Structure formats: C-alpha cells, structure tokens
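Novice: Submitted below is the structure of interest, expressed as structure tokens.
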Amino acid sequence: MQRTKTILISGGGIAGPALAYWLREYGFTPVVVERAPRIRTGGQRIEMSGVGAEALHRMGLLERIRAESGPPPAGVFYLGRADRPAAMPSWDSPADDRPERAPFAVKRGVLGTVLYENAREGVEYVFDDSITAVEQSDDGVRVSFENSAPRRVDLVVGADGLFSNVRSLVFGPAERFTRFLGTNLVIFTVDNYLGHRDSMSWHMWPYRGCAITTFPGNAELEGLFLFRSTRPMEVRDLTVEQRMRLVERIYADAGWEVPGLLRQMRASRDFVFTPSTQIRMDSWTRGRVALVGDSGYCPDPMSGQGSTLALVGAYILAAELRAAGGDHTRALPAYDAAMRRFVAFSQGVGDYSTAFAAPRAGRWGTWAREQQIRALFAVIERARGLNLPVPAAWLGGELSLADYAPAA
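For the sequence shown, counting from 1, position 304 maps to 326 in the numbering used here; every step adds exactly one.
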C-alpha cells in the first residue's frame, strides 16, 4: 500500500489551517487551496471552552488567542415581561478546572488569522482558486482547479464549509445531506450603541427570538434574529437591502430593544441571513477523500460548536494518519469512528438551541416555556452549588485528546 504523503486541503478557514499545521508537524506535505483572495478577517463571535480550547493549547496557540479574546458574556433572558430578566447560570464541569479548558470568547477573524499564521511556514497556500474535479485511482487523486493546472496528490480533504464543493463533487449534491432545523438566522455586527459590557441578552416571543451580545473588548455588539418558517427562506437571489426589509417586516411588532437594533442593522457589518441547517452524513470519507468541520458535520451556528468541531476533527484526522503510518485505508475509518459520538452530541446542541431560542408555540406555549426555563436555571444553580458534574460528559460531549497524540 502506497503511503500518503501529499494532502490537498480545500478551505482556509478554521479546519483547513489547523489540519495543515498538524500534518506538517507529522511529516506530511499539506497544500491548502482557498477560494477567497486572502484570509478572511471578519466574522462572528465564537465562544470556546473544553476540548476546543485544549486543541488550541496543544498547538501552542491558546495564550496568543486569549490575549485577543475576552470572557464569555453573562447571559440574561427576558421572559415574558421585558423587565423580568432571568440570569443564566454557568455550570462548569470538573474538567473545566484545567486552565487550558477555561472558556473564552473571540472573533472568528482573529482565530482564523492566528491559525493561518501558525500553519503557513512550510505549507503551500493557493488563494483565489477552487477545486472543480476530483478523480480517484488506486495510486492517488487527480485534482483539477478553476485557475491552476491539475495536480496529483495522495489525499484530498474538504474543509470548505457548509457549501463544500468537495462534498458535492465526491459525495453528491448538498440537498442529500442538509437538514433544516425549522428556523432562519440573521447575524450582524454593530457598534456598541447600548454600552453593554461582557453580556448576552435574549428575548423570546412565539416563533421568534432576538439576542444582543458584546464582542470581546465591548466596542461592538453582535445582533441576532432567529425566526421560524416551515421551509428554509431562500434569500440568495435577494439583495442585502431586500433581506433587511424582510427582517424588518418579521419583527415589526416586536418590542424590547428590537426597534433600535433594527435601525442599527442598516449600518451593520458582516450581515448574514441563512437558514438554520446541519450536515448529516453516514460517512465523512470516501476512498482517498475526507471531510472535516462544517463540510462534513456542520452543527448549525446556534450550537456554538462549529469551531470546536473543526479544530478537534483536524486534530484527530491528522493523528489517525500519523498512527496509521499514512495508510488512508486505516486512518480514515478510524477518524470517522472517533468523531461520531462527539458530532452527535454537538448536533443535538444545535437542535436544542434553535428550539429553545425561537419557541415552536403560541402565547400560552411560550409562557409555559418561560416557566420551564426559570425552573431549569434554578436546578442548574442548585446543582452547581452541590458541585455536580456537567451532563455533557454523560451524553458524549466530552472527548479526550490525550487518547490521540501528545501535546505540542
């Protein structure tokens, strides 16, 4: 069996450079192709802790990331009357006592830039290009590109996100793997016109929700709208102006801070309007091709698990290739098996978060949800006082990176 040496990675966001770093460290030759002309520096707020933070620690990047990050915002939920907030308690597991797993919040652009700068030495990057064809054979993969000459490599990894062209080329059309969660998500960045500090404020109505969250440093706010529909709202053919008008119509009768946030939205940055979706697949590998991160197992942004899955998936795939001596026939199935339980947990978080934040209920159903939330918060606060462990460990939400490779 010919051993894997050259590995082509499609995507330079989070999973791509993380994988390139580990492959380089383990003696492989990674090549990263990125559709954009340069590394993206914008993007949304990311909260990270646990195994995601530990993955950064093992790369030697955690302190650098923390220097440009901030504390996780304190959550406050406005349930029913907007003057009766309920503070969301934190519930730290014993594993989180380890400093390398402590939670923090960071801008996605900061994380992506640091990962790129950490990986680029000794790694070939090809910007402003994209894969157009993947032809597998017994001894390798012939890859064609939009702008570059074809290449022959040993392995191809799709780390190119929710709309992965590697997945489409090798596994089939996106609709076969896309699961709509029943909500649509709007996220954007505005100046901190409210003067909030290290906070996240949520308000829920029947079929709708809204959040206002500070970015690290408190200079900016992330506005978020989440609303239900029976089918995904397809807005790709709409202009940004048309999308904003649609959001304004949906929230026209909402009170709380929504009128002011809608006005601020007009001057927002990084405006995103997308259906809430997950990628569900029976296998993330086929022959000499593997998928990592959102391309294979997007959990939806509301899960808060996307970047963690990208970092952990990259770490485990590289570790399995090293352990197998480059034999992809052993490494890829092992990677798939190692990630299954953690991915299932993370996607379950996405399911719950969308249902929680935009209730599938009318007025009385929403009132009942409010009482459940208050009771849940009280239980968590009580359990925290008794030092009970977080249930994530029971449900597959804990993963030990020590099982795969030593720390850097």
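Every residue gets a Cβ at the ideal spot worked out from N, C-alpha and C, and that includes glycine. Here the structure is a predicted model, which is why all the values come from computation and not from measurement.
1. V54: buried (16+ other C-beta within 10 angstroms of its C-beta) or exposed?
2. For H218 and W278, which I take to be in contact (beta-carbon distance under 8 angstroms), what is that distance rounded to the nearest angstrom?
3. Using only CA atoms, which one of L203, V208, Y357 and R308 lies nearest to S290?
4. Return the CA-CA distance between G33 and Y147, expressed in angstroms with no decimal places.
5. On a Cα-Cα basis, can you pick out the residue from G92, D304 and L203 that is closest to F237?
6. So, helix, strand or coil for V145, using DSSP?
7. Among A366, L203 and G282, which one has its Cα closest to the Cα of R253?
8. Expressed to the nearest angstrom, what Euclidean distance is found between the alpha-carbon atoms of D339 and G35?
9. Candidates P323, R308, C232 and E242: which alpha carbon is nearest V98's?
10. Mapping the DSSP letters down to three states, classify N214 as helix, strand or coil.
11. Which partner residues of W306 appear in the DSSP bridge assignment?
12. Alpha carbon to alpha carbon, what distance is there between R25 and L260?
13. Taking contact to mean 3 or more Cβ pairs, one atom from each stretch, closer than 8 angstroms, check whether the region 314-329 and the region 186-199 are in contact.
14. Under 6 angstroms Cβ to Cβ from T235, same chain only, skipping five residues before and after it: list those, please.
15. Are R230 and F249 close, meaning C-beta to C-beta below 8 angstroms?
16. Measure the CB-CB distance between A359 and Y426 and report whether it falls below 8 angstroms.
17. So who's on the other strand from V178, going by DSSP bridges?
18. Give the C-beta separation of E123 and G72 to the nearest angstrom, bearing in mind that I take them to be a contact with Cβ-Cβ under 8 angstroms.
19. Between A89, Q327, P39 and Q394, which lies nearest to I61 when the distance is taken from Cα to Cα?
20. Apart from the five residues on each side of it in sequence, which residues of its chain come closer than 6 angstroms, Cβ to Cβ, to V132?
21. Quick check on DSSP: helix, strand or coil for E242?
22. Please go through the same chain and pick out, in chain order, the residues whose beta-carbon is closer than 8 angstroms to the beta-carbon of L284, but skip the five residues on each side of it.
23. With DSSP collapsed to three states, give me the class of E342.
24. Have a look at A241 and V128 and give me their C-alpha separation to the nearest angstrom.
25. Please list, in chain order, all residues of the same chain as R88 whose beta carbon is under 7 angstroms from its beta carbon, the five residues on each side excluded.
26. Quick one: give me the first and last residue of the beta strand (DSSP E) that R164 is part of.
27. Report the rounded CA-to-CA distance for L45 versus P52, giving the unit in angstroms.
Specialist: Here's the rundown:
1. buried
2. That belief does not hold up - the Cβ atoms of H218 and W278 are roughly 14 angstroms apart, past 8 angstroms.
3. V208
4. Taking the CA atoms as reference points, G33 sits about 10 angstroms from Y147.
5. G92
6. coil
7. L203
8. Checking the sequence shown, residue 339 turns out to be Leu, not Asp. Answer to the nearest angstrom: the Cα atoms are 17 angstroms apart.
9. C232
10. coil
11. DSSP output for W306 lists no bridge partner at all.
12. 48 angstroms
13. Because the criterion of three Cβ pairs below 8 angstroms is met, the region 314-329 and the region 186-199 touch.
14. P95, M222 and E244
15. yes
16. Taking 8 angstroms as the cut-off, the beta carbon of A359 is found no closer than this to the beta carbon of Y426.
17. L30 and V311
18. What sits at residue 123 in the sequence shown is Arg, not Glu. R123 to G72, Cβ: 5 angstroms. Contact.
19. P39
20. E90
21. strand
22. Once the five neighbours on either side are set aside, the close Cβ partners of L284 are V269, E270 and Y273.
23. Helix at E342.
24. 13 angstroms
25. So the list reads F126, once near-sequence residues are dropped.
26. G162 to F167
27. Straight-line Cα distance between these residues: approximately 6 angstroms.
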